[in-house]
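A short worksheet on the structure shown next.
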Amino acid sequence: MSSSPLAATTEPRLAGDLAIWIFILAELGAFAAFFGAYAFTRANHLADFNAAQLSLNRDAGALNTVLLLSASGLVVRAVQGALANEGPRAARWMLAAIACGLGFLFVKGSEYSAAFDAGISLSSSTFHMFYLSLTFFHFMHVILGLVILTVLWNGLRLGQYRPDNMNGLESGAAYWHMVDLVWLILFPLVYVIH
187 MSSSPLAATT
197 EPRLAGDLAI
207 WIFILAELGA
217 FAAFFGAYAF
227 TRANHLADFN
237 AAQLSLNRDA
247 GALNTVLLLS
257 ASGLVVRAVQ
267 GALANEGPRA
277 ARWMLAAIAC
287 GLGFLFVKGS
297 EYSAAFDAGI
307 SLSSSTFHMF
317 YLSLTFFHFM
327 HVILGLVILT
337 VLWNGLRLGQ
347 YRPDNMNGLE
357 SGAAYWHMVD
367 LVWLILFPLV
377 YVIH
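Numbering follows our numbering, with no gaps: position 123 of the sequence shown is 309.
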């Protein structure tokens, strides 16, 4: 019995390239080790961590959460647009996602500037060492994600991504969603949980 073309297009498949998923799993492993070290150290220095955590700007962290969630939603819309053969519209969604990502970098950069102006550094406290290291590691991933989204935006603008050619777009989108997922763990872990 032969399968119909419709059945072939609706079968479950891994979106994007297998290599990007291996890379994402490796990155998540690195973040998990970092988060585990943070949680273990925090459990042994709870009062110090809670006191130092008060120096953080939770509103900025919450705004960055909204920016990254918005960017991920916009990336989804861009992928959906490409699947619907709406390249110009998909490119606009991707450009809006890039704007949200740049907003994240601006807000986080402002947080770093305020922390450094207050004399906070890697050696200020164990908490601040973790805070600066974790968030900067994530910050660098956002920068890489924005480079990827910019390449994808250009490809969408040029009509490179269509329903029969989604691998690159889906791979880049998967990486961006990983960056977002990590922040959704990092924000409550570092900014909120007491």
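Glycine included, every Cβ here is placed at the ideal spot set by N, Cα and C. Predicted model only: the values in this text are computed from it and were never measured.
Separation of residue 259 from residue 188, as counted between CA atoms: Here residue 188 refers to the residue found at position 2 when the sequence shown is read from its first residue. Here residue 259 refers to the residue found at position 73 when the sequence shown is read from its first residue. The predicted position of residue 188 is uncertain, since its pLDDT is 44 and thus under 50; a value taken from the coordinates is nonetheless stated next. Looking at the two C-alpha atoms, the distance is approximately 37 Å.
Three-state secondary structure assigned by DSSP to residue 230: Residue mapping note: residue 230 aligns to position 44 of the sequence shown, counting from 1. Of the three classes helix, strand and coil, the one that applies to residue 230 here is helix, per DSSP.
Status (buried if at least 16 other CB within 10 Å, exposed otherwise) for residue 366: Residue numbering aside, residue 366 sits at position 180 when the sequence shown is read from its first letter. Answer is buried; the Cβ neighbour count reaches 16.
C-alpha distance - residue 228 paired with residue 268, whole-angstrom precision: Numbered from its first residue, the sequence shown carries residue 228 at position 42. Numbered from its first residue, the sequence shown carries residue 268 at position 82. Those two C-alpha atoms are separated by around 45 Å.
Coil, strand or helix - residue 271 by DSSP: In the sequence shown, counting from the first residue as 1, residue 271 sits at position 85. In this structure, residue 271 counts as coil in the three-state DSSP scheme.
When 276, 295, 284 are compared against residue 247, the one with the closest alpha-carbon: Indexing the sequence shown from 1 puts residue 247 at position 61. The option with the nearest alpha carbon to residue 247 is 295.
Extent of the continuous alpha helix (DSSP H) to which residue 340 belongs: As a working note, residue 340 is residue 154 in the sequence shown. Where residue 340 is concerned, the enclosing alpha helix (DSSP H) stretches over 312-343.
Chain-order list of residues whose beta-carbon lies under 8 Å from that of residue 309 (same chain, five-residue window excluded): Here residue 309 refers to the residue found at position 123 when the sequence shown is read from its first residue. Taken in chain order, the residues that qualify are 315.
Burial state of residue 305, where buried means 16 or more other Cβ atoms lie within 10 Å: As a first step, residue 305 must be located in the sequence shown, where it is residue number 119. With fewer than 16 other Cβ atoms within 10 Å, it is exposed.
Length of the line joining the Cα atoms of residue 375 and residue 239: Position 189 of the sequence shown, counting from 1, holds the residue named residue 375. Position 53 of the sequence shown, counting from 1, holds the residue named residue 239. Whole-angstrom Cα-Cα distance: 11 Å.
Distance, residue 286 Cα to residue 254 Cα: Translated into positions along the sequence shown, residue 254 becomes position 68. Translated into positions along the sequence shown, residue 286 becomes position 100. C-alpha separation (whole angstroms): 7 Å.
Cβ pair residue 277, residue 339 closer than 8 Å: Position 91 of the sequence shown holds residue 277. Position 153 of the sequence shown holds residue 339. In contact: residue 277 and residue 339 (Cβ atoms closer than 8 Å).
Residues near residue 243 in its chain [Cβ-Cβ closer than 8 Å; skip 5 each side]: Here residue 243 refers to the residue found at position 57 when the sequence shown is read from its first residue. Same-chain partners within the cutoff: 297, 300.
7 Å Cβ shell around residue 264 - same chain, five flanking residues per side excluded: Looking up residue 264 in the sequence shown gives position 78. Closer than 7 Å at the Cβ level, and outside the excluded window around residue 264, lie 276, 279, 280, 283, 342.
Residues near residue 292 in its chain [Cβ-Cβ closer than 6 Å; skip 5 each side]: Working through the sequence shown from its first residue, we reach residue 292 at position 106. Excluding sequence neighbours, residue 292 sits near nothing in its chain.
Three or more C-beta pairs below 8 Å linking the region 316-329 and the region 207-226: yes
Same chain only: Cβ atoms within 6 Å of residue 325, ignoring 5 sequence neighbours per side: Counted from its first residue, the sequence shown places residue 325 at position 139. Here the set comprises 294.
Inter-residue Cα distance where the pair is residue 235 and residue 368: Numbered from 1 along the sequence shown, position 49 holds the residue referred to as residue 235. Numbered from 1 along the sequence shown, position 182 holds the residue referred to as residue 368. Going by the C-alpha atoms only, they are around 21 Å apart.
Through-space distance from residue 363 to residue 233, alpha-carbon basis: Along the sequence shown, read from residue 1 onward, the residue named residue 233 stands at position 47. Along the sequence shown, read from residue 1 onward, the residue named residue 363 stands at position 177. Computed Cα separation, rounded: 34 Å.
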